[in-house]
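Novice: Take any residue in the sequence shown, count from 1 to its spot, add 353: that is its number in our numbering.
Beta carbons are placed, not taken as given, at the ideal position from N, Cα and C, and that holds for glycine.
Keep in mind it's a predicted model, so treat the numbers as computed, not measured.
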Amino acid sequence: MQAIIELTGKPGAGKTTLANILGEELTPASVLFIDASLDQKLTLTLAPEPPQLTLGRLFGQRTEATGSREAIDWAFHDLTVGVGEENELLTVGNLPEEISIADKDKLRYGLNRLAKTYDYVVIDGYHPLLRQLLPEEQIRTVEIVTPQGLIDWQPPQEGEVLYTPALILNRYQDEILPATLDNALTQRQIRLIGKVPPYATAEDRIRRLPDDFKNCLLKLDIPMNLSSP
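1) Do the CB positions of residue 408 and residue 372 come within less than 8 Å of each other?
2) Could you check which residue in 451, 446, 429 and 521 has the C-alpha nearest to that of residue 462?
3) If you check the beta carbons only, do residue 389 and residue 477 fall under 8 Å apart?
4) Would you say residue 402 and residue 494 are within 8 Å of each other, going by their C-beta atoms?
5) According to DSSP, residue 442 sits in a beta bridge with which residue or residues?
6) If you reduce the DSSP assignment to three classes, tell me which class residue 471 lands in.
7) Can you tell me where the beta strand (DSSP E) with residue 502 in it begins and where it stops?
8) Got a sec, what are the start and stop residues for the beta strand (DSSP E) residue 361 sits in?
9) Distance check for residue 562 and residue 554, CA to CA, integer angstroms please.
10) State the CB to CB distance for the pair residue 384 and residue 525, rounded to an integer number of angstroms; the pair is presumed to be in contact (CB under 8 Å).
11) Measuring straight from C-alpha to C-alpha, what distance separates residue 397 and residue 431?
12) List the DSSP bridge partners of residue 477.
13) Leaving out five residues before and five after residue 548 in sequence, what residues of the same chain have Cβ atoms less than 6 Å from its Cβ?
14) Quick check on residue 572: buried or exposed, where buried means 16 or more other Cβ atoms within 10 Å of its Cβ?
15) Residue 481 to residue 489, Cα distance in whole Å?
16) How far does the alpha helix (DSSP H) with residue 568 in it extend, from its first residue to its last?
17) Can you name, in chain order, every residue of its own chain whose Cβ lies under 6 Å from the Cβ of residue 439, other than the five neighbours on each side?
18) Measuring alpha carbon to alpha carbon, tell me which of 467, 404 and 399 ends up nearest residue 370.
19) Roughly how many angstroms separate the alpha carbons of residue 509 and residue 535, rounded to a whole number?
20) Give the straight-line distance between the Cα atoms of residue 560 and residue 368, rounded to the nearest whole angstrom.
Have a look at this one:
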(Lines of atoms letter the chains of each structure in order from A and count residues from 1; the text may use other names and numbers.)
(Lines give C-alpha, C1' and ligand atoms only; values in the text may rest on other atoms or scores of the structure.)
Protein backbone atom coordinates (compact mmCIF):
# COMPACT_ATOMS: atom_id res chain seq x y z
CA MET A 1 0.00 0.00 0.00
CA GLN A 2 1.65 3.20 -1.18
CA ALA A 3 -0.84 5.76 0.09
CA ILE A 4 -4.26 6.33 1.62
CA ILE A 5 -6.07 9.28 0.04
CA GLU A 6 -9.03 10.56 2.03
CA LEU A 7 -11.43 12.90 0.21
CA THR A 8 -13.52 14.93 2.64
CA GLY A 9 -16.07 17.72 2.33
CA LYS A 10 -19.74 18.46 2.63
CA PRO A 11 -22.39 16.56 0.63
CA GLY A 12 -22.33 17.76 -2.96
CA ALA A 13 -18.75 19.05 -2.79
CA GLY A 14 -17.61 16.60 -5.47
CA LYS A 15 -15.92 13.88 -3.40
CA THR A 16 -17.48 10.94 -5.23
CA THR A 17 -16.83 12.37 -8.69
CA LEU A 18 -13.20 13.00 -7.82
CA ALA A 19 -12.83 9.57 -6.20
CA ASN A 20 -13.95 7.98 -9.48
CA ILE A 21 -11.52 10.11 -11.48
CA LEU A 22 -8.71 9.26 -9.07
CA GLY A 23 -9.39 5.54 -9.51
CA GLU A 24 -9.19 5.92 -13.28
CA GLU A 25 -5.98 7.96 -13.10
CA LEU A 26 -4.28 5.36 -10.89
CA THR A 27 -4.87 2.55 -13.42
CA PRO A 28 -3.30 -0.01 -13.74
CA ALA A 29 -2.55 0.12 -9.99
CA SER A 30 -5.01 -1.69 -7.74
CA VAL A 31 -7.30 0.50 -5.63
CA LEU A 32 -9.43 -0.25 -2.59
CA PHE A 33 -12.29 2.25 -2.54
CA ILE A 34 -13.78 2.85 0.91
CA ASP A 35 -17.19 4.53 0.96
CA ALA A 36 -17.37 6.33 4.30
CA SER A 37 -20.12 8.79 3.35
CA LEU A 38 -23.56 8.57 4.92
CA ASP A 39 -25.28 8.79 1.53
CA GLN A 40 -23.13 5.92 0.17
CA LYS A 41 -23.04 7.65 -3.22
CA LEU A 42 -19.78 5.96 -4.18
CA THR A 43 -21.35 2.56 -3.55
CA LEU A 44 -24.37 3.49 -5.66
CA THR A 45 -22.04 4.70 -8.43
CA LEU A 46 -19.56 1.82 -8.49
CA ALA A 47 -21.27 -1.31 -7.22
CA PRO A 48 -23.32 -3.38 -9.69
CA GLU A 49 -25.58 -4.23 -6.76
CA PRO A 50 -25.71 -3.18 -3.08
CA PRO A 51 -23.13 -5.03 -0.96
CA GLN A 52 -24.54 -7.69 1.33
CA LEU A 53 -22.02 -6.87 4.03
CA THR A 54 -20.71 -3.48 5.20
CA LEU A 55 -17.99 -2.77 7.74
CA GLY A 56 -20.66 -1.62 10.20
CA ARG A 57 -22.67 -4.79 9.71
CA LEU A 58 -19.55 -6.91 10.11
CA PHE A 59 -18.82 -5.14 13.38
CA GLY A 60 -22.35 -5.72 14.62
CA GLN A 61 -22.53 -9.37 13.61
CA ARG A 62 -19.07 -10.79 13.92
CA THR A 63 -16.63 -8.95 16.15
CA GLU A 64 -17.84 -10.69 19.29
CA ALA A 65 -17.69 -14.11 17.65
CA THR A 66 -14.49 -13.51 15.69
CA GLY A 67 -11.66 -14.87 17.74
CA SER A 68 -8.75 -16.05 15.62
CA ARG A 69 -6.87 -13.90 13.17
CA GLU A 70 -7.67 -16.40 10.43
CA ALA A 71 -11.37 -15.87 11.11
CA ILE A 72 -10.91 -12.10 10.95
CA ASP A 73 -9.16 -12.45 7.59
CA TRP A 74 -12.05 -14.48 6.23
CA ALA A 75 -14.59 -11.99 7.57
CA PHE A 76 -12.86 -9.07 5.85
CA HIS A 77 -12.49 -11.09 2.66
CA ASP A 78 -16.31 -11.08 2.47
CA LEU A 79 -16.51 -7.28 2.76
CA THR A 80 -15.39 -6.16 -0.68
CA VAL A 81 -17.12 -6.20 -4.05
CA GLY A 82 -15.25 -6.01 -7.33
CA VAL A 83 -15.56 -2.74 -9.25
CA GLY A 84 -13.13 -3.47 -12.08
CA GLU A 85 -10.29 -5.77 -12.94
CA GLU A 86 -8.04 -4.64 -10.08
CA ASN A 87 -10.26 -2.45 -7.90
CA GLU A 88 -12.65 -3.31 -5.09
CA LEU A 89 -15.09 -1.44 -2.90
CA LEU A 90 -15.67 -1.58 0.84
CA THR A 91 -18.74 0.21 2.26
CA VAL A 92 -18.45 1.46 5.84
CA GLY A 93 -22.20 1.72 6.56
CA ASN A 94 -23.43 2.15 10.11
CA LEU A 95 -20.13 1.83 11.97
CA PRO A 96 -20.00 3.40 15.47
CA GLU A 97 -17.52 6.20 16.03
CA GLU A 98 -16.41 4.75 19.37
CA ILE A 99 -15.87 1.05 20.09
CA SER A 100 -14.05 -0.99 22.72
CA ILE A 101 -10.28 -1.45 22.61
CA ALA A 102 -10.66 -5.18 21.93
CA ASP A 103 -13.05 -4.62 19.01
CA LYS A 104 -10.85 -1.83 17.69
CA ASP A 105 -7.83 -4.15 17.67
CA LYS A 106 -9.79 -6.76 15.67
CA LEU A 107 -11.03 -4.25 13.12
CA ARG A 108 -7.58 -2.63 12.85
CA TYR A 109 -5.97 -6.00 12.17
CA GLY A 110 -8.53 -7.00 9.55
CA LEU A 111 -8.74 -3.63 7.79
CA ASN A 112 -4.97 -3.19 7.55
CA ARG A 113 -4.46 -6.74 6.31
CA LEU A 114 -7.04 -6.04 3.62
CA ALA A 115 -5.66 -2.60 2.69
CA LYS A 116 -2.10 -3.88 2.29
CA THR A 117 -3.15 -6.05 -0.65
CA TYR A 118 -3.85 -2.94 -2.76
CA ASP A 119 -1.54 -0.30 -4.21
CA TYR A 120 -3.78 2.56 -3.04
CA VAL A 121 -6.71 3.17 -0.75
CA VAL A 122 -9.16 5.94 -1.72
CA ILE A 123 -11.66 6.98 0.96
CA ASP A 124 -14.80 8.88 -0.02
CA GLY A 125 -15.87 10.79 3.10
CA TYR A 126 -14.74 11.05 6.68
CA HIS A 127 -15.29 8.58 9.51
CA PRO A 128 -13.34 9.25 12.74
CA LEU A 129 -12.88 5.57 13.50
CA LEU A 130 -11.09 4.93 10.20
CA ARG A 131 -8.44 7.43 11.27
CA GLN A 132 -7.79 5.27 14.32
CA LEU A 133 -7.80 1.97 12.43
CA LEU A 134 -5.60 2.89 9.46
CA PRO A 135 -1.95 4.05 9.75
CA GLU A 136 -2.18 7.83 10.13
CA GLU A 137 1.26 8.43 8.66
CA GLN A 138 0.00 7.08 5.32
CA ILE A 139 -3.25 9.07 5.22
CA ARG A 140 -3.32 12.18 3.06
CA THR A 141 -6.49 14.18 3.52
CA VAL A 142 -7.84 16.30 0.68
CA GLU A 143 -10.75 18.57 1.58
CA ILE A 144 -13.06 19.58 -1.26
CA VAL A 145 -14.84 22.91 -0.81
CA THR A 146 -17.37 24.60 -3.11
CA PRO A 147 -18.21 28.33 -3.09
CA GLN A 148 -21.28 27.54 -0.97
CA GLY A 149 -19.07 25.71 1.52
CA LEU A 150 -16.74 28.69 1.84
CA ILE A 151 -19.41 30.64 3.72
CA ASP A 152 -19.11 28.68 6.96
CA TRP A 153 -15.76 26.96 6.42
CA GLN A 154 -13.84 26.14 9.60
CA PRO A 155 -10.21 25.00 9.93
CA PRO A 156 -9.46 21.43 11.09
CA GLN A 157 -9.73 20.97 14.82
CA GLU A 158 -6.49 20.40 16.72
CA GLY A 159 -5.69 16.71 16.68
CA GLU A 160 -8.24 15.97 13.94
CA VAL A 161 -5.56 15.18 11.40
CA LEU A 162 -1.92 14.22 11.79
CA TYR A 163 -0.68 16.05 8.72
CA THR A 164 -1.65 19.38 7.19
CA PRO A 165 -4.66 18.62 4.99
CA ALA A 166 -4.73 19.71 1.38
CA LEU A 167 -7.54 21.85 0.00
CA ILE A 168 -9.16 21.89 -3.44
CA LEU A 169 -11.60 24.67 -4.26
CA ASN A 170 -14.20 23.09 -6.57
CA ARG A 171 -16.36 25.09 -9.00
CA TYR A 172 -14.33 28.14 -7.97
CA GLN A 173 -14.31 31.41 -9.94
CA ASP A 174 -13.27 34.59 -8.14
CA GLU A 175 -14.97 34.10 -4.79
CA ILE A 176 -13.39 36.04 -1.94
CA LEU A 177 -11.88 33.67 0.59
CA PRO A 178 -13.39 34.02 4.08
CA ALA A 179 -11.10 35.27 6.83
CA THR A 180 -11.08 31.86 8.54
CA LEU A 181 -9.72 30.17 5.42
CA ASP A 182 -7.32 32.99 4.58
CA ASN A 183 -5.90 32.84 8.11
CA ALA A 184 -5.65 29.04 8.00
CA LEU A 185 -3.67 29.25 4.76
CA THR A 186 -1.40 31.95 6.17
CA GLN A 187 -0.78 29.95 9.35
CA ARG A 188 -0.29 26.76 7.30
CA GLN A 189 -3.09 24.91 9.02
CA ILE A 190 -4.21 23.81 5.56
CA ARG A 191 -2.53 23.79 2.14
CA LEU A 192 -4.25 24.95 -1.04
CA ILE A 193 -3.27 22.59 -3.88
CA GLY A 194 -5.60 23.80 -6.58
CA LYS A 195 -8.79 25.32 -7.89
CA VAL A 196 -11.16 23.46 -10.20
CA PRO A 197 -13.24 25.95 -12.24
CA PRO A 198 -16.90 25.60 -13.21
CA TYR A 199 -17.47 24.35 -16.75
CA ALA A 200 -19.77 25.82 -19.36
CA THR A 201 -21.15 22.48 -20.57
CA ALA A 202 -21.31 18.88 -19.44
CA GLU A 203 -19.07 17.89 -22.35
CA ASP A 204 -16.49 20.47 -21.29
CA ARG A 205 -16.61 19.13 -17.74
CA ILE A 206 -16.06 15.54 -18.90
CA ARG A 207 -13.13 16.60 -21.08
CA ARG A 208 -11.34 18.97 -18.69
CA LEU A 209 -12.10 17.86 -15.12
CA PRO A 210 -9.74 14.83 -15.04
CA ASP A 211 -6.73 16.93 -16.05
CA ASP A 212 -7.66 19.84 -13.76
CA PHE A 213 -8.06 17.46 -10.82
CA LYS A 214 -4.85 15.63 -11.70
CA ASN A 215 -2.94 18.93 -11.67
CA CYS A 216 -4.09 19.41 -8.08
CA LEU A 217 -3.12 15.89 -7.02
CA LEU A 218 0.37 16.19 -8.49
CA LYS A 219 1.12 18.70 -5.73
CA LEU A 220 0.56 16.09 -3.00
CA ASP A 221 3.68 14.67 -1.35
CA ILE A 222 2.72 11.04 -1.90
CA PRO A 223 3.88 8.42 -4.39
CA MET A 224 1.31 8.47 -7.19
CA ASN A 225 1.71 7.15 -10.70
CA LEU A 226 0.02 10.13 -12.34
CA SER A 227 1.39 11.32 -15.64
CA SER A 228 1.55 15.03 -16.30
CA PRO A 229 -1.15 16.23 -18.73
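Specialist: In short, the structure shows the following:
1) no
2) 429
3) yes
4) no
5) 386 and 434
6) coil
7) That residue, residue 502, is in no beta strand (DSSP E); its alpha helix (DSSP H) goes 500-503.
8) 356-361
9) 12 Å
10) With a Cβ gap of about 27 Å, residue 384 and residue 525 do not count as contacting.
11) 19 Å
12) 360 and 388
13) 522 and 525
14) exposed
15) 12 Å
16) 555-570
17) 383
18) 399
19) 13 Å
20) 18 Å
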